[in-house]
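Colleague:
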Amino acid sequence: MKHAPHERTKLRGFPTTNTHNSIRIQVNESDNTVQMLARLAKEILPPLYADPAHYDLLAQMTAPDDVPFYCALLKDRPGPVLELGCGTGRVLLELARTGVEAVGIDLSAAMIERARERAIAENLNITLALADLRNFDLGQTFELVLMPFNVLNHLLDDDSLQRTFNTIARHMTPESRLVVDTFQPSPDFLTNEPEKRRKILRYLDPYSQKEVELFEENHYEPAAQLNRIVWSYTIDGVEDARLDELTMRLFHPREIDAWLERSGFRIENKFGDYDGRPFDARSPKQLMICRLSDSGVQ
1 MKHAPHERTK
11 LRGFPTTNTH
21 NSIRIQVNES
31 DNTVQMLARL
41 AKEILPPLYA
51 DPAHYDLLAQ
61 MTAPDDVPFY
71 CALLKDRPGP
81 VLELGCGTGR
91 VLLELARTGV
101 EAVGIDLSAA
111 MIERARERAI
121 AENLNITLAL
131 ADLRNFDLGQ
141 TFELVLMPFN
151 VLNHLLDDDS
161 LQRTFNTIAR
171 HMTPESRLVV
181 DTFQPSPDFL
191 TNEPEKRRKI
201 LRYLDPYSQK
211 EVELFEENHY
221 EPAAQLNRIV
231 WSYTIDGVED
241 ARLDELTMRL
251 FHPREIDAWL
261 ERSGFRIENK
271 FGDYDGRPFD
281 ARSPKQLMIC
291 RLSDSGVQ
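Position 6 of the sequence shown, counted from 1, bears residue number 6 in the UniProt record's numbering, the numbering being contiguous throughout.
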């Protein structure tokens, strides 16, 4: 079956008490659907994603230098561009600064609101949608669809993964490209004391001006290929009550390649880092640039 491209139409917005002429926020569903999305977010999203200020603070220190890679893709495909799992707008706002038509979706209302505030502060023109990656309809197609910084790894089961790929395909044309960014599982991580608590960050909290140390534990389930990450904190050397947990699915190279091909995509390029080096066994990243295959879903 071949993918039928959507007719390109304008996104529809909805009125809100916090409107701004450079921001459009889209929820094309009823209030009941919005409430359903809120319940779904509470069920499946880590509490960290309901705390945008804390998320942004950690992202400043842990996020990769991936923005130049994505901006470079705009030279051949000037938009519109869709970012899946846009969060607080770390990548989306940088894309918008280039002048491209930038659309971002996320399941976290708190993240969407934070992205909106940041866009208003810089007078950037973006569109934001509160939506489930597995089942959304924006009513248009995109030249670029991006899944940055391990968004893929939050799809923990096969059904969620397949539904997401099917939904993405409906927002593409034969000229569109999908960019998927996931880490390559490290043999050292899989074999060397994954549950050991280790310090990964030390920083000065800009709000309290206190020294914070961040510790990480990994609890890996080999059969399911799921890794439960637990972050704990000390503040000025004293153990803090806060714990952040998130679960991520690991994708081995041949596995994710097969998933993409089976879901109707053809991988044109696969890079191992944001400098564009070819992927190999030592690469830290798996960066796939895909188009729709001629044959569609296998």
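Note that CB positions come from ideal geometry on N, CA and C, so glycine has one too. This structure is a prediction, so every number in the text was calculated from the model and none was measured.
Straight-line CA distance for Q225 to D158?
Modeller: 12 Å
Colleague: Exposed or buried, R242, counting other C-beta atoms within 10 Å across all chains shown (16 or more means buried)?
Modeller: exposed
Colleague: In angstroms, rounded to a whole number, what distance separates the CA positions of E29 and D236?
Modeller: Low confidence applies here, because E29 scores a pLDDT of 48, under 50, leaving its location unreliable and the question unanswered by this model.
Colleague: Can you say whether E83 is buried or exposed, counting buried as having 16 or more other CB atoms within 10 angstroms of its CB?
Modeller: Counting every other CB atom within 10 Å of its CB across the protein chains shown gives E83 a total of 16 or more, marking it as buried.
Colleague: Could you work out which residue in G85, E239 and P284 is closest to A110 when comparing CA atoms only?
Modeller: Closest in C-alpha terms to A110, from the list G85, E239 and P284, comes G85.
Colleague: Suppose only complete runs of 4+ residues qualify. What are the alpha helix (DSSP H) ranges in the UniProt domain "Methyltransferase" (81-174), listed by chain order?
Modeller: 92-97, 109-122 and 158-170
Colleague: Hey, out of T182, G272 and C290, whose CA is closest to R249's CA?
Modeller: T182
Colleague: Comparing alpha-carbon positions, which option in L161, R170 and L178 lies nearest E255?
Modeller: Comparing alpha carbon positions, the residue from L161, R170 and L178 closest to E255 is L161.
Colleague: Pop quiz: V100 and G79 are said to be a contact at Cβ under 8 Å. What is the actual Cβ separation, rounded to whole angstroms?
Modeller: 4 Å
Colleague: How about K270 and L292: are their beta carbons less than 8 Å apart?
Modeller: Not a contact, by the Cβ cut-off of 8 Å.
Colleague: Quick one: what's C290 bridged to in DSSP?
Modeller: L178 and I267
Colleague: What residue range does the beta strand (DSSP E) around D203 cover?
Modeller: In the sequence on display, residue 203 carries Tyr and not Asp. Start and end: R198 to L204.
Colleague: Out of curiosity, what's the CA-to-CA distance linking L73 and M172?
Modeller: 16 Å
Colleague: For L250, name the three-state secondary structure that DSSP assigns.
Modeller: Three-state DSSP puts L250 in coil, outside helix and strand.
Colleague: From K102 to C71, what distance separates their C-alpha atoms?
Modeller: Per the sequence shown, the amino acid found at residue 102 is Ala instead of Lys. Going by C-alpha positions, A102 is about 12 Å away from C71.
Colleague: V238 bridges to which residues according to DSSP?
Modeller: In the DSSP assignment, V238 is bridged to I235.
Colleague: Which residue's Cα is closest to the Cα of A63: L124, L201, V212 and S186?
Modeller: L201
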